[in-house]
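**Student:** So the mapping is simple: our numbering equals the position in the sequence shown, first residue as 1, plus 135. Built from N, CA and C at the ideal position, the CB exists for glycine as well. So that we are looking at the same thing, I have put the structure below in structure tokens.
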Amino acid sequence: MALSIDGSRSEAQAIAQVCTELAAILAKADVILEHNSDQSIEWAAAQLPAYIAEDAQGNINGLLFDRASVSNAVGSLAQFRALMTNQAVAQGDHLGNINKLATAMPLR
Numbered sequence: 136m137a138l139s140i141d142g143s144r145s146e147a148q149a150i151a152q153v154c155t156e157l158a159a160i161l162a163k164a165d166v167i168l169e170h171n172s173d174q175s176i177e178w179a180a181a182q183l184p185a186y187i188a189e190d191a192q193g194n195i196n197g198l199l200f201d202r203a204s205v206s207n208a209v210g211s212l213a214q215f216r217a218l219m220t221n222q223a224v225a226q227g228d229h230l231g232n233i234n235k236l237a238t239a240m241p242l243r
């Protein structure tokens with residue numbers, strides 16, 4: 136199957152759209168990382184901080200994940216920012232950390 140001019144143009148547009156979305160996500164990650172830092176929330180504190188409520192399952196009250204998962208996701212967002220800004224990054228289950236908090240995306 137030969138690639139058509141329209142096919143390559145369509146592919147270039149799709150790649151540009153994903154790049155635009157990644158740039159927007161990076162901007163959002165910057166904002167939430169700075170805000171989270173300003174709040175000084177100790178998500179992974181050994182003792183439950185008074186400003187966080189947990190349910191009987193250990194999840195943050197009303198949510199489907201715990202504070203350790205939030206802490207891990209914050210670390211993974213920081214790694215994403217580092218990767219996108221040409222800084223050193225560490226290996227880890229960053230996608231798993233993000234998926235724990237993410238809303239499932241519908242299949243197309």
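Which partner residues does residue 189 have in the DSSP bridge list?
**Tutor:** Answer by DSSP bridge pairing, in chain order: 195.
**Student:** Cβ atoms of residue 179 and residue 139: under 8 Å apart, would you say?
**Tutor:** No.
**Student:** What three-state label does DSSP hand residue 141 in the structure shown?
**Tutor:** Three-state result, residue 141: helix.
**Student:** Residue 209: beta carbon under 7 Å from a heavy atom of the ligand MN?
**Tutor:** Inclusion of the ligand MN in the displayed structure is not the case, the ligand content being empty and no account of it being possible.
**Student:** Can you round the beta-carbon distance between residue 164 and residue 216 to whole angstroms, since I take them to be within the 8 Å contact cut?
**Tutor:** 5 Å between Cβ atoms; contact.
**Student:** Which one or two residues does DSSP pair with residue 201 in a beta bridge?
**Tutor:** BP columns for residue 201 point to 194.
**Student:** To which residues of the same chain is residue 193 closer than 7 Å at the C-beta, ignoring the five residues directly before and after it?
**Tutor:** 201.
**Student:** Which one of 224, 218 and 212 has the shortest CA to CA distance from residue 231?
**Tutor:** That would be 212, whose Cα lies nearest to the Cα of residue 231.
**Student:** With a CB to CB cut of under 7 Å and the five nearest residues on each side skipped, what residues in its chain are close to residue 190?
**Tutor:** If we look at residue 190 and ignore the five residues flanking it on each side, its Cβ neighbours are 196.
**Student:** Since residue 183 is in the alpha helix (DSSP H), which residue starts that stretch and which ends it?
**Tutor:** Unbroken run through residue 183: none, as it is neither H nor E.
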